[in-house]
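Q:
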Amino acid sequence: MDILRFLFSFRGRVGRFDYVLRFLIPLAVVHTAAIALVPPLQFGVVFGALVLLSLWPSWAVGAKRCHDRGRSGWFQLIVLIPIVGPLRLMIELVFLPGVKGQTAV
């Protein structure tokens, strides 16, 4: 899967390994670098821009990971439930293996 399709398409599946290695770790590195390197007066603008730029790829790759788990990409909306929602999504996407069979869409 090429990088543009990986980051911007909502179709297909992504396993745990690719999700963590090709998406979460690089995303964490970029955000950590921004925190470390951007001057305090410009931090809000730069970090806000990074968050906005990472929204679509986060939703797209998360949807593919949900498909690998046999769920719809809409399952990601569980993060709207305070405290337990984000925890449940993290467990689902990072720690649980994919299911065999067709992609759930």
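In my numbering, the protein residues as written are 21 to 125. Ideal placement from N, C-alpha and C gives every residue a C-beta, glycine not left out.
Determine the closest residue to leucine 116 out of Phe26, Gly35, Ser29, Arg25, with distance taken between C-alpha atoms.
A: Checking every option, the nearest Cα to that of leucine 116 belongs to Gly35.
Q: Assuming the contact rule is C-beta atoms closer than 8 angstroms, glycine 90 and alanine 83 should be a hit. Round their C-beta distance to whole Å, please.
A: Going by Cβ atoms, the distance from glycine 90 to alanine 83 rounds to 13 angstroms, so no, they are not a contact pair.
Q: So, do the segment 69-82 and the segment 40-58 have three or more beta carbon pairs nearer to each other than 8 angstroms?
A: Cβ pair count under 8 angstroms is three or more, so yes.
Q: Just to confirm my understanding: we take glutamine 96, look at its own chain, exclude 5 residues before and 5 after, and list those with CB closer than 6 angstroms. What are they?
A: So the qualifying residues of the chain are Gly82.
Q: What number of angstroms, rounded off, separates the C-alpha of proline 60 from the C-alpha of valine 66?
A: Proline 60 and valine 66: Cα-Cα distance of roughly 10 angstroms.
Q: I need the DSSP call for glycine 32, collapsed to helix, strand or coil.
A: Glycine 32: coil per DSSP, three-state reduction.
Q: Thinking C-alpha only, which one of Gly32, Leu24, Phe28 is nearest glycine 121?
A: Nearest of Gly32, Leu24, Phe28 to glycine 121, Cα basis: Gly32.
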